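Enquirer: If you're matching them up, the sequences are chains A and B in order.
Numbering-wise, the first sequence is residues 995 to 1418 according to my numbering.
Numbering-wise, the second sequence is residues 995 to 1418 according to my numbering.
Please see the structure below; I have some questions.
2 protein chains.
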Amino acid sequence: MTTTLPHVVVVGGGFAGLAATRALRRTPVRITLVDRRNHHLFQPLLYQVATAALNPGDIAYPIRSVLRLQQNARTILARVTGFDLARRRVQLVDGELHYDHLLVATGATHSYFGKDEWEAWAPGLKTIEDALEIRRRVLSAFEAAERLRDPAELPAVLTFVVVGAGPTGVELAGALSEIGRLTVARDFRSFDPRTLRVVLVEGAGRVLPPYPERLSAAARAQLERLGVEVRTGTLVTRIDQTGVWFGQEHLQARTVLWAAGVAASPLGALLGAPLDRAGRVLVAPDLSVPGHPEVFVAGDLMHCEQDGVPVPGVAPAAIQAGRAAARNIAARVAGAPTRPFRYRDKGSLATIGRAKAVGQLGRLEVTGFLAWWIWWLVHIAYLIGFRNRLSVMIGWAWQYFAFARGARLITGRAWEPGRAAPKP
Amino acid sequence: MTTTLPHVVVVGGGFAGLAATRALRRTPVRITLVDRRNHHLFQPLLYQVATAALNPGDIAYPIRSVLRLQQNARTILARVTGFDLARRRVQLVDGELHYDHLLVATGATHSYFGKDEWEAWAPGLKTIEDALEIRRRVLSAFEAAERLRDPAELPAVLTFVVVGAGPTGVELAGALSEIGRLTVARDFRSFDPRTLRVVLVEGAGRVLPPYPERLSAAARAQLERLGVEVRTGTLVTRIDQTGVWFGQEHLQARTVLWAAGVAASPLGALLGAPLDRAGRVLVAPDLSVPGHPEVFVAGDLMHCEQDGVPVPGVAPAAIQAGRAAARNIAARVAGAPTRPFRYRDKGSLATIGRAKAVGQLGRLEVTGFLAWWIWWLVHIAYLIGFRNRLSVMIGWAWQYFAFARGARLITGRAWEPGRAAPKP
């Protein structure tokens, strides 16, 4: 590894950034992967940390360990503050990095559609810390119910609202219902946890809007069998410490979780390229930034249309885009032409609860136990390379057979009775 | 369970409180266990969370799940603020509980011998949060080393000082050295983690002061084989952001960990009984508080002498004392006389690193691999009842064979370069 090789800087160690770095392992370049976190996060299973089924360490792994043996890559932990495209520099909080080729893959976070004050009452789920905060609130609600003096307050304390019925919202709602009805059902003395109420709210006309209608209907039926109240075509107009408003209607709820909007990482706006409404960068077909053939964007930060439809913000698309960007960087290093990115949709799966899921695999639609089993195999397969997959498998097997959740810790700020509402 | 049964309130769900509650399961009493945390913590393995070998969920378990099937016990999550012994009330942050019999088992925390300002620079290890903070600092030090511009700063960044060479200090120092020399040895590009320096400082003349001299010597030899610098008979006079002072001598170190003093829980002082210098309650031989035969103290909060020597603050002593207090509560319920507590010392074990440990089992002294193997079996056996023991076993087996540590996440406040010193 000499310093005369072209320098590729990859910003972001998520699915896209890591896939690109790995794909460049035999290309004659030096790679620097920059992330402000030390770990790669397997986000599709993050809701399982939030619902106390898995430990954080089960789904996150140090980026530098993933790249340990890749001699042409180094990892640095730093926050990127901007770009100087003219001078080909990435600006860090404490310095800058020169690049010959740049890949920006900093993903997306949740968006409150301009109502950022809702975040204090309805946390979203993007990081390990988010998941632990949601876990803390959910478990603390049951603890608060056990200590209530005024039984009139019980319904609000035991009402959990999930806003947004995409895959994350559906998974959260199903898991919450299972926690109350199965996991902690016998743990309390002064109330029956099975009386919890889980309300899943969706603005669109059905759950899992991007899925075929038949699967949406199957998912809804499975959710209702789990005791989840599904309210589609319902817009949230206000969220505060007392609960959720739908226009004039007020739903009292101590615990509200946000699984609705998505906003691209703010770094996308610093690339000087046109953005879509969610802040995603409108990339050229080869994933480069228009006017800057040496700068690429991949993953949830990119807006890339294919056959008139945007490529979805899911892990397989991010991995494929990361690899495509890497191929094009390698092509440019070799003086060859770049090629347009083609997303190959291998299907989608959403799990709902114990032995409940829906999925589309090519033209095949699956529901129920079969879908759940495929979901399980796919996620275990993806976790390969993580040492944690064995412990994940054991955790899941345990959960399935014993209805138990092994990671039911309330950590961080201790819960105090009398402070029923979450604080910002 | 009728409300006319005597009411036993147990404050604290550690080893003593939980053992007492379990021991009263067939006694005709109603039990309320109060804890401000929702989980029982297997503290002897907490250093493994701090050194990234285990997940928090591997060593902590919800108290109410442990007591799920014990029909005469309920668990409440609340902070105790005081006692009204005359009216037999436990005061909570949001109310009070009447008791007929009270067991206070709120344990101990670390003490800085009046130098509380040292805590910001030298965190101690008592809670899950402490462990995660130590993990964050240790892993962040390596990340800082990777990004250093001025190589003159490298020695301070790579120096880890552990103050106190009791079992926790010895375990931390050994594990830190193994992290640098084995686990992350190949993970960095701009420095060699094997050049880390771990300094274990002890005021007494030898490591593991309560152990026989031969074992102290063996432990020291094993630590030195792991590359730990052991400094006994050395008093720390100051700790700040630059490191540690021993009188005039200054040791530059970015990361300092505190494993020295122990102070009893402040609730002990609210019982109106005499205390020892560390704030422990001087209990009667039957573990009751003098003048209050209905109030008992057990575990690390009690000061109880046997053959002129205080019973040590270790988990087996806490379990035995909890059970003895329960027997005496049952005796009082039955109108029978109480009996004095007798601590049966089954031995002590301290682990130092991979296949390294020392132990005393009755008159048998063991060192090295045999001691480590016994330590491992004992800790697995204690974890029985936790579903997590399988995952712990896998974690350890992995660590042993692959020199890897599976829980190497930096969570919480992200590390920023340029902020080399920890903040209060």
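Don't be surprised by glycine CBs; every beta carbon is placed ideally from N, CA and C.
Being a predicted model, the structure only gives us computed values, none of them experimental.
I need the boundaries of the alpha helix (DSSP H) containing residue 1162/B, first residue and last residue.
Expert: Residue 1162/B -> alpha helix (DSSP H) spans 1161-1172.
Enquirer: I want to verify the contact list: residues of chain A whose CB lies under 7 Å from the CB of residue 1140/B, in sequence order.
Expert: Result: 1070.
Enquirer: So, helix, strand or coil for residue 1337/B, using DSSP?
Expert: Residue state, collapsed to three classes: coil.
Enquirer: I want to verify the contact list: residues of chain B whose CB lies under 9 Å from the CB of residue 1181/A, in sequence order.
Expert: The contacting residues are 1056, 1058, 1059, 1061, 1062, 1069.
Enquirer: Suppose contacts are defined by Cβ-Cβ distances below 8 Å. Is residue 1028/B in contact with residue 1070/B by that definition?
Expert: Yes, these two residues count as a Cβ contact at 8 Å.
Enquirer: Could you tell me whether the Cβ of residue 1133/B comes closer than 8 Å to any Cβ of chain A?
Expert: Yes, residue 1133/B lies at the interface with chain A (some Cβ there is under 8 Å from its Cβ).
Enquirer: How many Å lie between residue 1149/A and residue 1003/A at the Cα?
Expert: The alpha-carbon atoms of residue 1149/A and residue 1003/A are separated by roughly 52 Å.
Enquirer: Residue 1170/B and residue 1154/B look like a contact to me (Cβ under 8 Å); what is the Cβ gap, rounded to whole Å?
Expert: Residue 1170/B to residue 1154/B, Cβ: 5 Å. Contact.
Enquirer: Answer with yes or no whether the minimum CB distance from residue 1011/A to chain B is below 8 Å.
Expert: Cβ-Cβ to chain B under 8 Å: no for residue 1011/A.
Enquirer: Using alpha carbons as the reference points, say which of 1097/B, 1240/B, 1186/B, 1093/B lies closest to residue 985/B.
Expert: In this structure chain B extends from 995 to 1418, so residue 985/B is not present and cannot be described.
Enquirer: Kindly indicate which three-state DSSP category residue 1381/B falls into: helix, strand or coil?
Expert: Unreliable positioning characterises residue 1381/B in this predicted model, as indicated by a pLDDT of 47, which lies under 50. The coordinate reading is nonetheless provided below. Coil, per DSSP.
Enquirer: 8 Å is my cut-off, CB to CB: does residue 1137/B come that close to chain D?
Expert: The structure shown contains no chain D; its protein chains are A and B.
Enquirer: Is the beta carbon of residue 1352/B sitting closer than 8 Å to the one on residue 1220/B?
Expert: Their beta carbons are not under 8 Å apart, which means residue 1352/B does not touch residue 1220/B by this criterion.
Enquirer: Starting from the beta carbon of residue 1066/A, find every residue of chain B whose beta carbon is closer than 8 Å, and list them in chain order.
Expert: Ordered by position in chain B, no residue passes the 8 Å Cβ test against residue 1066/A, which lies about 10 Å from the chain.
Enquirer: Is the CB of residue 1032/A under 8 Å away from at least one CB in chain B?
Expert: Taking Cβ atoms only, chain B reaches closer than 8 Å to residue 1032/A, which makes this a yes.
Enquirer: In angstroms with no decimal places, state the Cα-to-Cα distance between residue 1288/A and residue 1320/A.
Expert: Rounded to whole angstroms, residue 1288/A to residue 1320/A spans 12 Å at the Cα level.
Enquirer: According to DSSP, is residue 1132/A helix, strand or coil?
Expert: Residue 1132/A: helix per DSSP, three-state reduction.
Enquirer: Look at residue 1033/B and residue 1057/B and say whether their C-beta atoms are less than 8 Å apart.
Expert: Going by C-beta atoms, residue 1033/B is nearer than 8 Å to residue 1057/B.
Enquirer: What's the gap between the Cα of residue 1156/A and the Cα of residue 1336/A?
Expert: Rounded to whole angstroms, residue 1156/A to residue 1336/A spans 34 Å at the Cα level.
Enquirer: Which of the three DSSP states is assigned to residue 1083/B in this structure?
Expert: DSSP places residue 1083/B in strand when its eight states are reduced to three.
Enquirer: I'd like to know whether the C-beta atoms of residue 1342/A and residue 1181/B end up nearer to each other than 8 Å.
Expert: Not closer than 8 Å, so no.
Enquirer: Taking only three categories from DSSP, how would you classify residue 1100/B?
Expert: In this structure, residue 1100/B counts as coil in the three-state DSSP scheme.
Enquirer: Quick one: any contact between the region 1297-1314 of chain A and the region 1125-1143 of chain A, if contact means 3 or more CB pairs under 8 Å?
Expert: No, because fewer than three Cβ pairs between the region 1297-1314 of chain A and the region 1125-1143 of chain A fall closer than 8 Å, the two stretches do not touch.
Enquirer: Residue 1302/B: which of 1279/B, 1322/B, 1309/B, 1315/B sits nearest, CA to CA?
Expert: Looking at the Cα atoms, 1279/B is the closest of the given residues.
Enquirer: Are the CB atoms of residue 1309/A and residue 1038/A within a distance shorter than 8 Å?
Expert: Yes, these two residues count as a Cβ contact at 8 Å.
Enquirer: So what does DSSP say about residue 1140/A, is it helix, strand or coil?
Expert: Note: residue 1140/A maps to helix in three-state DSSP.
Enquirer: In three-state DSSP terms, what is residue 1376/A?
Expert: Of the three classes helix, strand and coil, the one that applies to residue 1376/A here is helix, per DSSP.
Enquirer: Would a C-beta distance cut-off of 8 Å place residue 1035/A and residue 1128/A closer than the cut-off?
Expert: Their beta carbons are not under 8 Å apart, which means residue 1035/A does not touch residue 1128/A by this criterion.
Enquirer: Using only alpha-carbon positions, find the residue among 1062/B, 1354/B, 1241/B that is nearest to residue 1229/B.
Expert: It is 1241/B whose Cα lies nearest to the Cα of residue 1229/B.
Enquirer: I'd like the span of the beta strand (DSSP E) that includes residue 1290/B, first residue to last.
Expert: Start and end: 1286-1291.
Enquirer: Taking residue 1056/B as part of the beta strand (DSSP E), name the residues at either end of that continuous run.
Expert: Here the beta strand (DSSP E) through residue 1056/B covers 1054-1056.
Enquirer: State the Cα-Cα distance for the pair residue 1292/A and residue 1025/B, rounded to the nearest angstrom.
Expert: If I take the Cα positions, the gap works out to 58 Å.
Enquirer: For a minimum of 3 consecutive residues, which ranges assigned as the beta strand (DSSP E) are wholly contained in the region 1213-1266 of chain A?
Expert: DSSP runs (the beta strand (DSSP E)) wholly in the region 1213-1266 of chain A: 1222-1225, 1232-1234, 1237-1240, 1243-1246, 1249-1252, 1255-1258.
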